[in-house]
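K.L.:
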Amino acid sequence: VKDDVLLQVLLEKLQRNMQFDYNRDLSDYGLPSPRDMKTELDLMKLTHEESAQMKLFEKLCNDLPMTEHQIEILNGITESVARNMCNKERKAELLAARTTDSPTSDMDVDARVPTESTDSTSKPENNEELEDFDCVMYFLTGKAGCGKTELTKKVKAWVRGTGGIVVGCASTALAADIYKDGFLTAHSCFAYPVEDEILLERDSGISTADHPQCRLNQDRYAQRKELLEAADLIIWDECSQNPRFMLESVY
7 VKDDVLLQVL LEKLQRNMQF DYNRDLSDYG LPSPRDMKTE LDLMKLTHEE
57 SAQMKLFEKL CNDLPMTEHQ IEILNGITES VARNMCNKER KAELLAARTT
107 DSPTSDMDVD ARVPTESTDS TSKPENNEEL EDFDCVMYFL TGKAGCGKTE
157 LTKKVKAWVR GTGGIVVGCA STALAADIYK DGFLTAHSCF AYPVEDEILL
207 ERDSGISTAD HPQCRLNQDR YAQRKELLEA ADLIIWDECS QNPRFMLESV
257 Y
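Numbering (our numbering), first residue to last: 7 to 257.
1) If we ignore side chains and look at the alpha-carbon of each, how far apart do N178 and T155 end up?
2) Would you mind giving the Cβ-Cβ distance between F196 and L180, rounded to the nearest angstrom? I have them listed as a contact below 8 Å.
3) Return yes when the Cβ of A236 is within less than 9 Å of the Cβ of I184, no when it is not.
4) Going by Cα to Cα distance, which pick from G188, V15, L253 is closest to M143?
5) Please classify D9: does DSSP put it in a helix, a strand, or coil?
6) Going by DSSP, what residue range makes up the alpha helix (DSSP H) through V256?
7) With DSSP run on the structure shown, which of helix, strand or coil describes A176?
8) Among E55, K51, K160, Q14, which one has its Cα closest to the Cα of L234?
9) Quick check on DSSP: helix, strand or coil for I184?
10) Should G153 be labelled buried (16 or more other beta-carbon atoms within 10 Å of its own) or exposed?
11) I'd like to know whether the C-beta atoms of I77 and K162 end up nearer to each other than 9 Å.
12) Please name the residue or residues paired with T84 in a DSSP beta bridge.
13) Quick check on S57: buried or exposed, where buried means 16 or more other Cβ atoms within 10 Å of its Cβ?
14) Based on the DSSP secondary-structure assignment, which residues constitute the bridge partners of T191?
15) Among the candidates T84, P38, K19, whose CA atom is the shortest distance from the CA of T168?
16) Please state whether DSSP places L16 in a helix, a strand or coil.
17) Use the C-beta contact count for G174: other C-beta atoms within 10 angstroms, 16 or more gives buried, fewer gives exposed.
18) Quick check on E55: buried or exposed, where buried means 16 or more other Cβ atoms within 10 Å of its Cβ?
19) Can you tell me whether DSSP reads D258 as helix, strand or coil?
20) Does the distance from the CB of P40 to the CB of E18 come in under 9 Å?
21) Is it buried or exposed for N23, if we count other Cβ within 10 angstroms and need 16 for buried?
22) Distance, Cα to Cα, T147 vs L47?
23) Classify L239 as helix, strand or coil using the three-state DSSP reduction.
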């Protein structure tokens, strides 16, 4: 019995690493799958406990206070996420946690679908507003050292601290490593193939349909698709460094 338990622990650890790092299953290599294996969504919920994440958010705000402009950006993004969470029948009261602090900022944000207000007390007025709300795409830009990464970490901690699911990725493994806690490369996160991307970028005459597509609809990526569909916030760091065809495929 003891040996079987140890075997299951080992198989689960291997399977988890294969899922998160390579979107692969142990069975792809002729190995047995662990019994009662938790899904990627289950693991994400278990890994980030709400109270611990809210404490992390408060610590990040205290360690590196935000400028008024950064607070405005934070409030705009968290309000959008909270509205989406309300739309998914989560608690509307989660709009509460906001901050007001200082140093200097030189960043800007562009929202594809801007929210109406950044008032920390504002809430959706009615069900029709919630039903109409879909998602917002924020593009956070700014020169090096202006605080983009730290602000992103605060947004991530706030969303997780209020019960939300956050999935994070970056254009490279080096950029993903800055965030730790489960951040993947964009290729791994969205199950996008890496082969021949440079050739495709050079070939401007090929239509988008002829380029590699995300493989999330394949059965082997079912857990990743479930996780992404459940996400309240998806962070894609340095997305402009990935190929245009990849962004179009994900979108």
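Just so it is clear, CB atoms sit at the ideal spot from N, CA and C, and this is done for glycine as well.
P.N.:
This is what the structure holds:
1) Note on identity: in this sequence residue 178 is Thr, with Asn being the wrong assignment. Distance between the alpha carbons of T178 and T155 is about 15 Å.
2) Not confirmed; about 18 Å, so no contact.
3) The Cβ atoms of I184 and A236 do not sit closer than 9 Å to each other.
4) Of the listed residues, the one whose Cα sits closest to M143 is L253.
5) In this structure, D9 counts as helix in the three-state DSSP scheme.
6) It spans 250–256 - the alpha helix (DSSP H) in which V256 sits, taken as one unbroken run.
7) Looking at A176 - three-state DSSP - the assignment turns out to be strand.
8) Among E55, K51, K160, Q14, the Cα nearest to that of L234 is on K51.
9) DSSP, read as helix, strand or coil, puts I184 in coil.
10) Taking all protein chains in view, the Cβ of G153 is crowded by 16 or more other Cβ atoms within 10 Å, so the residue is classified as buried.
11) No, the Cβ-Cβ distance between I77 and K162 is not below 9 Å.
12) Beta bridge pairing from DSSP links T84 with no other residue.
13) Exposed, since its Cβ has fewer than 16 Cβ neighbours within 10 Å.
14) According to DSSP, T191 bridges with A176.
15) Nearest option by C-alpha distance: T84.
16) Three-state DSSP puts L16 in a helix.
17) Classification of G174: buried, given that the 10 Å Cβ count is 16 or more.
18) Result: exposed.
19) There is no way to answer for residue 258, as the model of the chain reaches only from 7 to 257.
20) Taking a C-beta distance under 9 Å as the contact criterion, P40 and E18 qualify as a contact pair.
21) When all chains shown are included, N23 counts as exposed.
22) Straight-line spacing of the CA atoms in T147 and L47 works out to 30 Å.
23) DSSP, read as helix, strand or coil, puts L239 in strand.
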